[in-house]
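Take a look at the structure below.
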Amino acid sequence: GIDLGKLLAKTGYVTLDPGFVNTASCSSAITYIDGDAGILRYRGYPIEQLAERSNFIEVSYLLIYGELPTQAQLDEFSAKISRHTLLHEDLKRFFDGFPRDAHPMPVLSSAVSALSTFYQDSLSPFDDKQVDMSTIRLLAKVPTIAAYAYKKSVGQPFLYPDNSLGLVENFLRMTFGFPAEPYDVDPDLVRALDLLFILHADHEQNCSTSTVRMVGSAEANLFASISAGVNALFGPLHGGANSAVLEMLEGIRAEGGDVANFVRRVKNKEKGVRLMGFGHRVYKNYDPRAAIIKKTADEILGKLGGDDHLLEIAKKLEETALADDYFIERKLYPNVDFYTGLIYRAMGFPTKFFTVLFALGRLPGWIAHWREMINDPATKIGRPRQVYTGETQRDYTGIDHR
Ligand code: ACO
Numbered sequence: 225g226i227d228l229g230k231l232l233a234k235t236g237y238v239t240l241d242p243g244f245v246n247t248a249s250c251s252s253a254i255t256y257i258d259g260d261a262g263i264l265r266y267r268g269y270p271i272e273q274l275a276e277r278s279n280f281i282e283v284s285y286l287l288i289y290g291e292l293p294t295q296a297q298l299d300e301f302s303a304k305i306s307r308h309t310l311l312h313e314d315l316k317r318f319f320d321g322f323p324r325d326a327h328p329m330p331v332l333s334s335a336v337s338a339l340s341t342f343y344q345d346s347l348s349p350f351d352d353k354q355v356d357m358s359t360i361r362l363l364a365k366v367p368t369i370a371a372y373a374y375k376k377s378v379g380q381p382f383l384y385p386d387n388s389l390g391l392v393e394n395f396l397r398m399t400f401g402f403p404a405e406p407y408d409v410d411p412d413l414v415r416a417l418d419l420l421f422i423l424h425a426d427h428e429q430n431c432s433t434s435t436v437r438m439v440g441s442a443e444a445n446l447f448a449s450i451s452a453g454v455n456a457l458f459g460p461l462h463g464g465a466n467s468a469v470l471e472m473l474e475g476i477r478a479e480g481g482d483v484a485n486f487v488r489r490v491k492n493k494e495k496g497v498r499l500m501g502f503g504h505r506v507y508k509n510y511d512p513r514a515a516i517i518k519k520t521a522d523e524i525l526g527k528l529g530g531d532d533h534l535l536e537i538a539k540k541l542e543e544t545a546l547a548d549d550y551f552i553e554r555k556l557y558p559n560v561d562f563y564t565g566l567i568y569r570a571m572g573f574p575t576k577f578f579t580v581l582f583a584l585g586r587l588p589g590w591i592a593h594w595r596e597m598i599n600d601p602a603t604k605i606g607r608p609r610q611v612y613t614g615e616t617q618r619d620y621t622g623i624d625h626r
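Remember, the working numbering sits 224 above the position in the sequence shown when you count from 1.
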């Protein structure tokens with residue numbers, strides 16, 4: 225075939241597409257989305273089936289290696305992850321340097337970036353064994369890092385991982401447990417968090433995944449590339465939306481719970497007022513992940529004792545928006561983040577921590593994309609063009625004449 229990109233480059237023409245609304249940056253066989261029909265599949269498997277029948281470790285394997293694992297493959301994968309959950313003691317001390325009220329996302333991205341310095345034996349992008357090792361290290365250590373970021377923020381002692389526990393259970397214990405005290409983990413809570421991680425595990429070329437691929441295209445190692453992805457996810461229009469939804473709901477409650485008035489302000493496009501957790505670049509229909517979460521939100525919140533009033537406000541907001549022409553015309557529906565914040569909060573996580581939970585879920589997707597990118601012979605260093613709109617040539621003027 226013809227390489228259209230090369231052909232166009234020769235003509236000197238470039239395509240201006242801010243936000244890459246209509247530009248594919250790569251070919252990918254990982255995740256399929258049909259935004260109009262509200263379809264999401266990982267490696268061909270519908271998200272609904274994975275949510276109901278699989279678990280996060282298995283989904284991670286599926287995304288990264290392309291197939292569902294056999295029992296033996298799954299056992300080996302889980303065992304390897306369990307063996308690598310500890311952080312180097314020096315890396316543990318790293319957390320002392322941050323202010324106590326630091327946001328956990330930059331703490332997470334800094335610690336992930338620091339993995340490049342602690343695990344120098346797994347940095348080569350072209351050595352499959354090393355890539356496998358850094359894959360396992362990331363899946364194993366990022367939950368430990370996240371739990372330590374939490375412990376640091378609340379001024380509590382760190383817990384070593386207990387590798388007799390599963391990944392999610394271990395993470396919850398390191399987050400909410402105390403040294404030398406038994407931690408009775410609630411299986412419903414484990415299952416709910418595992419489900420949320422599955423739903424966040426990949427979403428093709430979103431901002432953070434594209435960032436991971438872009439940084440990796442310069443042949444930066446997996447740790448460095450994932451750290452960049454964490455920073456992209458920190459943005460309020462991306463992973464930060466789940467915290468923003470909760471802040472929005474609390475704001476509406478503080479002002480007397482007047483949902484109609486809030487929707488009016490959104491429609492009037494008051495500065496900084498958006499219906500957070502609504503709208504999506506690709507979904508122009510109900511986000512299938514939001515549909516699954518909504519179904520389980522009542523159940524989980526009922527069991528965990530969530531904030532019913534905020535859930536009521538959320539449901540009323542959704543109902544009002546879905547019946548309103550502004551949202552109908554623009555095809556704005558609830559996205560994955562609309563209900564997650566309420567669930568995270570009921571689980572006991574502080575608002576600031578919600579985006580970290582998103583990062584934990586998205587990690588296997590980032591890894592899968594980095595590996596696909598590095599193994600794709602068509603990969604080139606990411607280097608977009610621009611349309612220059614500045615001054616044409618002019619002569620330098622001395623400082624006395626400006
Ligand atoms: N509330 C109110 N109006 C909205 C919203 C919203 N949440 N989202 C989009 N619109 C409006 C825009 O103002 C625009 O209106 P206009 O045509 O009159 O100018 C129209 O809908 C199209 O919106 P864009 O901003 O062009 O859509 P884009 O694809 O660039 O943005 C985004 C998608 C960022 C998700 C946007 O819908 C948004 O800001 N939503 C709120 C934040 C959010 O929930 N983010 C999470 C995304 S999902 C994720 O990362 C997991």
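Heads up, the beta-carbon is just placed ideally off N, CA and C, and yes, glycines get one too. Note that the coordinates shown come from a computational prediction; the quantities given were computed from them, not determined experimentally.
The alpha-carbon of F577 is positioned some 12 Å away from that of D325. Considered as a whole, the segment 566 to 601 harbours 578 to 599 as its complete alpha helix (DSSP H) runs of no fewer than 4 residues, in chain order.
For the pair W594 and L457, the CB atoms are not nearer than the 8 Å cut-off. By the CB criterion at 8 Å, S252 and E596 fall inside the cutoff. By the C-beta criterion, the segment 370 to 390 is judged to be in contact with the segment 569 to 586, since at least 3 inter-stretch pairs fall below 8 Å. The criterion of a C-beta distance shorter than 8 Å is not satisfied by L417 and T368.
Each of D549, L470, G440 was checked against the Cα of N492, and the nearest Cα belongs to D549. Contact annotation: the segment 531 to 551 does not touch the segment 285 to 301, with fewer than three C-beta pairs closer than 8 Å. Shown here, D258 sits in a strand according to DSSP, grouped into three states.
Less than 8 Å divides the Cβ of H424 from the Cβ of G585. Inclusion of D412 and K527 in the CB contact set at 8 Å is warranted, their separation being smaller than that value. Spanning the alpha carbons of V483 and K540 requires a straight line of approximately 7 Å. In the structure shown, P330 falls within a helical segment according to DSSP collapsed to helix, strand and coil.
Using a cutoff of 7 Å, the CB of F502 counts as near the ligand ACO, since one of the ligand's heavy atoms is closer than that. The three-state secondary structure of R265, taken from DSSP, is strand.
Contact between the segment 389 to 400 and the segment 339 to 355 is absent, with fewer than three C-beta pairs closer than 8 Å.
Across the set L587, R609, I360, the C-alpha of R609 shows the shortest separation from the C-alpha of F244.
Shown here for C431: same chain residues with a beta carbon closer than 6 Å to its own, the five before and five after excluded, namely A456, H462 in chain order. The three-state secondary structure of F382, taken from DSSP, is coil. Per DSSP, the unbroken alpha helix (DSSP H) holding G526 starts and ends at 512 to 528.
Going by C-alpha positions, G390 is about 47 Å away from D227. In this model, H327 and G464 are separated by some 12 Å (Cα to Cα). Sorting K230, G236, G259, D241 by C-alpha distance to the C-alpha of H504 places G259 at the top. Under the DSSP definition of a beta bridge, P270 partners with R265. Restricting attention to D352, L315, T399, the CA atom closest to the CA of A371 is found in T399.
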